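K.L.:
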Amino acid sequence: MSADAGVAPGIVCAFAVTGTPPDPAALASTTGHEEGGPLRVLDAGGGLCLVVQDVPAALFDEEALAERLNRPTDLERCARAHHRAVEAAAGRGAVVPLPMATLYRGDRSAVRAVSDRRPVLEALLDRLRNRTEWAVKVHAAEGTPDHLPKAPADPGTGSGGRAYLSRASSQRRVRQQAHGRARAEAEAVDAELRRYAVAATRHRPQSERLTGRRTPQLLNAAYLVENADRAAFTRALAGLTAEGRHPAVRADASGPWIPYSFARWDEEDEAPYAHPGQEVSA
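Everything in the sequence shown is counted per the working numbering, starting at 47 for the first residue and increasing by one.
1) Where A282 and E108 are concerned, what is the direct C-alpha to C-alpha distance, given to the nearest angstrom?
2) In angstroms, rounded to a whole number, what distance separates the CA positions of A277 and L286?
3) Buried or exposed: A134, going by 16 or more other Cβ atoms within 10 Å of its Cβ?
4) Does DSSP put D107 in a helix, a strand or coil?
5) Flag this pair as touching only if the segment 145-152 and the segment 77-86 have three or more C-beta atom pairs under 8 Å; answer yes or no.
6) When the Cα atoms are used, what is the spatial distance from D298 to R138?
7) What would DSSP say about G285, mapped onto helix, strand or coil?
8) Taking the DSSP output, what are the residues bridged to I57?
9) Considering D275, what are the terminal residues of the alpha helix (DSSP H) in which it resides?
10) Would T247 and A267 qualify as a contact pair, given that the criterion is a beta-carbon distance under 8 Å?
11) With a Cβ-Cβ cutoff of 8 Å, do A60 and V87 count as a contact?
12) In three-state DSSP terms, what is P143?
13) Please tell me whether V63 and I304 are closer than 8 Å, where the distance is taken between their beta carbons.
14) Pull up the DSSP beta-bridge partners for Q263, would you.
15) Taking DSSP as the reference, what is the three-state secondary structure of A62?
16) Who are the Cβ neighbours of R240 in its own chain at under 8 Å, not counting the five residues just before and after it?
17) Going by the DSSP bridge assignment, what does S300 pair with across the sheet?
18) Going by C-alpha distance, which of Q263, S300, R260 is nearest F279?
19) Indicate whether T360 and V271 have their beta-carbon atoms separated by less than 8 Å.
20) Could you spell out where the beta strand (DSSP E) holding A246 opens and where it closes?
21) For A159, does the three-state DSSP call read helix, strand or coil?
22) If you count every other CB in all the chains shown that lies within 10 Å of the CB of A110, and 16 or more means buried, which is it?
23) How would you call E122, buried or exposed, if buried means at least 16 neighbouring beta carbons within 10 angstroms?
24) Using CA coordinates, which residue listed in R260, A187, S253 is at the minimum distance from P293?
25) Which partner residues of G91 appear in the DSSP bridge assignment?
26) Do T261 and H185 have their C-beta atoms closer together than 8 Å?
27) Answer with buried or exposed for E231, where buried requires no fewer than 16 other C-beta atoms within 10 angstroms of its C-beta.
28) At which residues does the alpha helix (DSSP H) containing P67 begin and terminate?
29) Near V132, what residues of its chain come up, given a Cβ to Cβ distance below 7 Å and the 5 sequence neighbours on each side ignored?
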């Protein structure tokens, strides 16, 4: 959070930078954070605009916000509010979404933050123009040897114990081979999709608690796709997810999204990006 010396303005939450002023009617009809004022646009100079919202300090100062973002329900509410505002900002052209809960003390601090990074932001807007993001998650298929129940833990003694150890060793080899096949197929999915994308990135695989699946997530990737190539990309997706093409894995895709994964304007930012295709964790 930035602050203007000697001034005590309210807190401004910033959502996105764009080179195309958003539709005023779209902003007026969009609710950002429920506790804040209407969405509005700041002229950041040089043709750049910043979509912001005034929010109450009692709920959005550093201490209060940290506490709220540690509560899953509040975190989800903040992420949804952020995405609504970014979507409204993107109605007429490319946007650079800012990390969730990007806060400044007053308009001047917000505008200065944009001005200080103008070359980076202009390059990002050029890169993202007429492109969208697709999220693809690949899990090991259920019912493969990699996920069969393990042998009982009691090996016994004598010949029975030797037989147990032999079975356990064989089962371990089968599991390792199955895991290797699943990983190889996940890599094949990624390699195929990269052929139709201008850029790709991998996110950290999500835990079973987040995915709700009993099988591990092997690939959590995002692809930046030219709008003109969208049909080719979706055809490739359909072919990869066809039954039997890659039996050791299951691939799920969502999109098109605003390119959150390719819009980082400051690599040192620690705040999470509120991506609908990637669950946000505090």
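Cβ coordinates follow ideal geometry from the N, Cα and C atoms, glycine included. Because the structure is a prediction, the values reported are computed rather than measured.
P.N.:
To lay it out plainly:
1) 45 Å
2) 14 Å
3) buried
4) coil
5) no
6) 29 Å
7) helix
8) V101, R151
9) Careful: D275 lies outside any alpha helix (DSSP H) and carries neither H nor E.
10) yes
11) no
12) strand
13) no
14) H185
15) strand
16) A246, Y269
17) A181
18) S300
19) Nothing about residue 360 can be read from this structure; the chain reaches only from 47 to 328.
20) 245-248
21) helix
22) exposed
23) exposed
24) A187
25) L94
26) yes
27) buried
28) Note, P67: premise wrong, no alpha helix (DSSP H); not H, not E.
29) F61, A62, V141, P143, I304
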